[in-house]
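**Student:**
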Amino acid sequence: MSVGTIVTHRKYVPYSHAHYAGNLVDGAYALAAFGDVATEVCIQLDGDEGLFASYADVQFKAPMRAGDVLEIVATVTRMGNRSRTIDFEARVVCRGRPDRSESAAEVLDPPIVAVTATGTVVVPAK
Numbered sequence: 001m002s003v004g005t006i007v008t009h010r011k012y013v014p015y016s017h018a019h020y021a022g023n024l025v026d027g028a029y030a031l032a033a034f035g036d037v038a039t040e041v042c043i044q045l046d047g048d049e050g051l052f053a054s055y056a057d058v059q060f061k062a063p064m065r066a067g068d069v070l071e072i073v074a075t076v077t078r079m080g081n082r083s084r085t086i087d088f089e090a091r092v093v094c095r096g097r098p099d100r101s102e103s104a105a106e107v108l109d110p111p112i113v114a115v116t117a118t119g120t121v122v123v124p125a126k
């Protein structure tokens, strides 16, 4: 595993994380999810959880709402001696449909790209 490695997580956004009117979730929710998937990238590549060093070019492109199912994708784009550059994308793959009924939801095809970012993680020297 190296450059081109892809790790994907999916997670449901609970209503307890709604932060704004319309059940909107703050953008930091995606950044936390990026941290989780970056941890798995480090474990798979290096056998260590690593540390998140920085984010670059964070783009908030569409709203995330409580009741969404997010697909968080991390793609390794560069590997240094101790650092790894990772591109992240948070996609809304399912969304609640309260206009239909209280528990209605639908699969989105295509998914909505909500947040993108590039991040750098570091791992211990071997």
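Letter by letter, the sequence shown follows residues 1 to 126 in UniProt numbering.
All C-beta atoms, glycine included, are put in the ideal place defined by N, C-alpha and C.
Which residue wins for smallest C-alpha separation from D87, given the options G50, V115, G27?
**Tutor:** Here the closest residue by C-alpha is V115.
**Student:** Any contact between the segment 11-20 and the segment 40-51? By contact I mean 3 or more CB pairs, one from each, below 8 Å.
**Tutor:** Result no; under three Cβ-Cβ pairs closer than 8 Å.
**Student:** Of all the options P110, V76, A62, which has the alpha carbon lying nearest to the alpha carbon of V25?
**Tutor:** When each option's Cα is compared against that of V25, the closest is A62.
**Student:** Can you name the residues that DSSP bridges to S83?
**Tutor:** According to DSSP, S83 bridges with V122.
**Student:** Helix, strand or coil for E40, going by three-state DSSP, please let me know.
**Tutor:** Reduced to three states, the DSSP call for E40 is helix.
**Student:** On the criterion of 16 or more Cβ atoms from any shown chain inside 10 Å, does L51 qualify as buried, or is it exposed?
**Tutor:** It counts as exposed.
**Student:** Count the other C-beta atoms from every protein chain shown that fall within 10 angstroms of the C-beta of G4, then say buried if there are 16 or more, exposed otherwise.
**Tutor:** With fewer than 16 Cβ atoms within 10 Å of its Cβ, G4 is classed as exposed.
**Student:** Run through the DSSP bridge pairs and tell me what H9 is partnered with.
**Tutor:** In the DSSP output, where bridge partners are listed per residue, H9 has I72.
**Student:** Strictly by DSSP, which residues pair up with G96?
**Tutor:** Looking at the DSSP assignment, G96 forms a beta bridge with A105.
**Student:** Look at T120 and A53 and say whether their C-beta atoms are less than 8 Å apart.
**Tutor:** Yes, they are a contact pair.
**Student:** For V123 versus S2, is the C-beta distance shorter than 8 Å?
**Tutor:** No.
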